[in-house]
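Student: For the record, the sequence lines run as chains A and B. Add 29 to the 1-based position in the first sequence for our numbering, that's all there is to it. Add 51 to the 1-based position in the second sequence for our numbering, that's all there is to it.
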Amino acid sequence: MSYSELTLRYFTADAFAGVLSGPDTHRGAAGSRAQGTWVQFDVKADVKAGSGTIAAARFLAFGCPHTIAVSAWIAAHAVGLALRPALPVSVAELSERFDVPVEKRGRLLIIEDAWIAAMKMPGLAQ
Amino acid sequence: MNRAVYLDYAATTPVDPRVAAAMAQCLTADGEFGNPSSMSHDYGDAAADLVEKARARVAASVGASPGEIIWTSGATEANNLAIFGVAQYYREHGRHIVTARTEHKAVLDPCRELERRGWRVTYLIPDRGGVIDPAQVAAALQPDTVLVSLMHVNNEIGVIQDIASVGAICARHGSARLHVDAAQSVGKLGVDFAHLGVDLMSLSAHKAYGPKGIGALIVSRRGRGETRRPEREPVQLAALHFGGGQERGLRAGTLATHQVVGMGLAFELAHESWAPEAERIAELRERLWRGLAAHGGAIRNGDPERSVAHLINVSFEDVEGESLLAAVRPRLAVSTGSACTSALAEPSYVLRALGRDDRLSESSLRFGLGRFTTPSDIDTAVAVVGLALAHLRKVGGTCGA
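As structure tokens, this is what we get:
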């Protein structure tokens, strides 16, 4: 299996790996380790600014390099985005950007489910 | 750019420079390039002499007679010739075969094809260490069993099967012929065809510092009155290829003199050096295991007391297999427990047969050590795997990140 340069870059990056704590932090997870793919996002809402944006995001991912890379990319690019129950870019676009084989695209849906679960915040339109 | 440390000697080995030099002598106009089947001139005779010298070298290295060596393109072809050849020849005597779940695909796939054609196949399940008890073979034999096919050394976990005991059981049975895939054996341990009670044995050159594309099937020619099987005739095979009558009519086609010469010398060298080499490599393997175990969550696959020195298979907890391989790949050439037949890796069927779950079966690495492996290579491997595990356990949330 070969991977794109972008996939390898985010697969090996761990700057946004981990968890967040404290008020205004929300967690969502999807998948299962036993099934081979599990993803968790922690998202901290920027409530002070009242702007409804993301102040910080972290990820944890157990899975293939594409799963880890896409999860890492989302966490890295989340700050400043509007709080809304959708990925920053679509699953289709992520699939193309990271050159995800068609057999693995279901794993991107697990990432999407984890992200949407993290965005289930009180007062946020679902 | 530095190449990755090579620890995949169980997949293939580099050709020994002495072997490559001998092969080169058979390729060009000033060497022995003739067709070994051409008996009408000296070019052919010279090539034929080299082929027979190589045949004698291979035979001597594995305790066989030169006349028992049938050249093939490799162990896969040898396995096919043995399994289909016996099944076809003895089809009126019986249509039952015994093998094991942990065999190489080059044995399992022919067996499955025979099942599709109406044969019955019993697949033995090893114990958790990967060992087949000879008593399992005895219990599986039926009156119409015509073939037992078991590998000598497992290619994924390195476990050595008790072939001599299985050979004795087959001899007592009468009609069950014993085929042994010994592709991983030569150069790793002593192989004595005549004393193992084996009817057919598959060999491969490229696992023993010879070239790819050449192997052999040893077909016993011993009359049973000359051995401990007086009640049986030598094994017979139906040919799978036709056209030219080479190799006793069992494998038609012009012989590749350079490949044959390469295999002959490679096997002779392997036979001369395997014992001291195995001792040195066993020390390196234990150094590797100690280093890997220190990373935590490492599980050794296969019974270490029954394994060759050159191979160690380790599953790692809390990491996913494809990611583990991807993380080590820039600096380490090893195999994974997954069979990457598509973009989706499948858990190793060998490790699954040992009772490992899917996750541990996928997250295994097979380290194959060899003639050119150094202590520095081992230390690099330990460090590279350690970094990969730390990274994956951090992003996976299993190391307190």
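For glycine and all other residues, C-beta sits at the position ideal for the given N, C-alpha and C.
Closer than 6 Å by C-beta to arginine 106(B): which residues in its own chain qualify, once you throw out the five before and the five after it? Chain order, please.
Tutor: If you number the second sequence from 1, residue 106(B) lands on position 55. Taken in chain order, the residues that qualify are Pro117, Ile120.
Student: Residues of chain B with a CB under 7 Å from the CB of isoleucine 97(A): which are they?
Tutor: In the first sequence, residue 97(A) corresponds to position 68, counting from 1. The answer, in chain order, is Ser374, Val446.
Student: Could you tell me which chain A residues have their CB closer than 7 Å to the CB of alanine 377(B), listed as they occur along the chain?
Tutor: Here residue 377(B) corresponds to residue number 326 of the second sequence, with the count starting at 1. Correct list: Tyr32, Phe40, Pro94.
Student: What residues in its chain sit with their C-beta under 8 Å from that of aspartate 195(B), if we drop five residues either side in the sequence?
Tutor: As a position in the second sequence, residue 195(B) is number 144, starting the count at 1. Once the five neighbours on either side are set aside, the close Cβ partners of aspartate 195(B) are His144, Gly145, Arg146, His147, Ser226.
Student: Taking a cut of 9 Å between CB atoms, which residues from the region 355-375 of chain B lie near chain A?
Tutor: Answer in chain order: Asp369, Val370, Glu371, Gly372, Glu373, Ser374.
Student: For phenylalanine 70(A) and valine 48(A), I'd like the C-alpha separation in whole angstroms.
Tutor: Within the first sequence, numbered from 1, the residue matching residue 70(A) stands at position 41. Within the first sequence, numbered from 1, the residue matching residue 48(A) stands at position 19. Cα-Cα distance, rounded: 8 Å.
Student: Label serine 91(B) either buried or exposed according to how many other C-beta atoms from any shown protein chain fall within 10 Å of its C-beta, with 16 as the threshold for buried.
Tutor: On the second sequence, residue 91(B) is found 40 positions in, with the first residue counted as 1. Answer is exposed; the Cβ neighbour count stays below 16.
Student: Could you compute how far the alpha carbon of proline 65(B) sits from the alpha carbon of isoleucine 103(A)?
Tutor: Position 14 of the second sequence holds residue 65(B). Position 74 of the first sequence holds residue 103(A). So the two alpha carbons sit approximately 43 Å from each other.
Student: Give me the chain B residues within the contact set of aspartate 43(A), using Cβ-Cβ distance strictly less than 7 Å, ordered along the chain.
Tutor: As a first step, residue 43(A) must be located in the first sequence, where it is residue number 14. Correct list: His442, Lys445, Val446.
Student: Quick check: the Cα distance between threonine 387(B) and glutamate 413(B), rounded to an integer number of angstroms?
Tutor: Reading the second sequence from its first residue, position 336 is the one you call residue 387(B). Reading the second sequence from its first residue, position 362 is the one you call residue 413(B). Cα to Cα, threonine 387(B) sits roughly 7 Å from glutamate 413(B).
Student: Are there 16 or more other CB atoms within 10 angstroms of the CB of proline 68(B), so buried, or fewer, so exposed?
Tutor: Numbered from 1 along the second sequence, position 17 holds the residue referred to as residue 68(B). Exposed, because fewer than 16 other Cβ atoms sit within 10 Å of the Cβ of proline 68(B).
Student: Can you tell me which residues form a DSSP beta bridge with tryptophan 67(A)?
Tutor: For this step, residue 67(A) is matched to residue 38 along the first sequence. BP columns for tryptophan 67(A) point to Gly60(A), Phe91(A).
Student: Which same chain residues end up closer than 7 Å to alanine 146(A) when comparing Cβ atoms and leaving out the 5 residues on each side of it in sequence?
Tutor: For the purposes of this step, residue 146(A) is taken as the residue at position 117 of the first sequence. Counting only Cβ-Cβ distances below 7 Å, and skipping sequence neighbours, we find Gly57, Ala58, Ala59.
Student: Taking the alpha carbon of glycine 114(B) as the reference point, which residue from Ala303(B), Gly209(B), Val242(B), Glu83(B) has its own alpha carbon closest?
Tutor: By one-based count along the second sequence, residue 114(B) stands at place 63. The option with the nearest alpha carbon to glycine 114(B) is Val242(B).
Student: Nearest by alpha-carbon distance to glutamate 397(B): which of Lys133(A), Asp142(A), Ala143(A) is it?
Tutor: As a position in the second sequence, residue 397(B) is number 346, starting the count at 1. Comparing Cα positions, the closest option is Lys133(A).
Student: Check whether the Cβ atoms of glutamate 83(B) and leucine 58(B) sit closer than 8 Å, and answer yes or no.
Tutor: Within the second sequence, the letter at position 32 stands for residue 83(B). Within the second sequence, the letter at position 7 stands for residue 58(B). Result no, Cβ atoms of glutamate 83(B) and leucine 58(B) do not sit closer than 8 Å.
Student: Using a C-beta cutoff of 8 Å, does glycine 51(A) count as contacting chain B?
Tutor: Here the question's residue 51(A) lines up with position 22 in the first sequence. No, glycine 51(A) does not count as interfacial toward chain B.
Student: Who are methionine 202(B)'s beta bridge partners in DSSP?
Tutor: Position 151 of the second sequence, counted from the start, is the residue given in the question as residue 202(B). DSSP lists Asp232(B) as partners of methionine 202(B).
Student: According to the neighbour-count rule (16 or more other Cβ atoms, all chains shown, within 10 Å of its Cβ), is lysine 258(B) buried or exposed?
Tutor: As a position in the second sequence, residue 258(B) is number 207, starting the count at 1. Lysine 258(B) comes out buried.
Student: Which bits of chain A does arginine 403(B) rub up against, with CB to CB less than 7 Å?
Tutor: Position 352 of the second sequence holds residue 403(B). Those do not exist, as arginine 403(B) stays about 14 Å from chain A at its closest Cβ, beyond 7 Å.
Student: Using only CA atoms, which one of Gly248(B), Gly313(B), Val204(B) lies nearest to leucine 232(B)?
Tutor: What you label residue 232(B) is simply residue 181 of the second sequence in a count that begins at 1. Per the sequence shown, the amino acid found at residue 232(B) is aspartate instead of leucine. When each option's Cα is compared against that of aspartate 232(B), the closest is Val204(B).
Student: Once you ignore the five residues that flank glycine 376(B) on each side, which residues in its own chain have a CB closer than 6 Å to its CB?
Tutor: Counting from one through the second sequence, the residue named residue 376(B) turns up at place 325. Residue 376(B) is actually leucine in this sequence, not glycine. So the list reads Thr387, once near-sequence residues are dropped.
Student: Does the Cβ of glutamine 64(A) have 16 or more other Cβ atoms within 10 Å, making it buried, or fewer, making it exposed?
Tutor: Locating residue 64(A) in the first sequence gives position 35, where the first residue counts as 1. Under this definition glutamine 64(A) is an exposed residue.
Student: Have a look at isoleucine 140(A) and alanine 439(B) and give me their C-alpha separation to the nearest angstrom.
Tutor: Counting from one through the first sequence, the residue named residue 140(A) turns up at place 111. Counting from one through the second sequence, the residue named residue 439(B) turns up at place 388. Distance between the alpha carbons of isoleucine 140(A) and alanine 439(B) is about 22 Å.
Student: Helix, strand or coil for threonine 392(B), going by three-state DSSP, please let me know.
Tutor: Here residue 392(B) corresponds to residue number 341 of the second sequence, with the count starting at 1. Legend: pLDDT at threonine 392(B) = 48, less than 50; position of this residue unreliable, value from coordinates given subsequently. DSSP places threonine 392(B) in coil when its eight states are reduced to three.
Student: If we require 3 or more residues per run, which beta strand (DSSP E) segments fall completely within the region 393-439 of chain B?
Tutor: Here the runs fully enclosed are 415-419.
Student: Helix, strand or coil for tyrosine 94(B), going by three-state DSSP, please let me know.
Tutor: Translated into positions along the second sequence, residue 94(B) becomes position 43. Tyrosine 94(B) falls in the helix class under three-state DSSP.
Student: Which residues mark the beginning and the end of the beta strand (DSSP E) in which alanine 86(B) is found?
Tutor: As a working note, residue 86(B) is residue 35 in the second sequence. According to the sequence displayed, residue 86(B) carries asparagine and not alanine. Segment: none, asparagine 86(B) is in no beta strand (DSSP E) and carries neither H nor E.
Student: Tell me the DSSP secondary structure of asparagine 352(B) in three-state form.
Tutor: Walking along the second sequence from the start, residue 352(B) turns up at place 301. The answer is strand: DSSP assigns asparagine 352(B) an E or B state.
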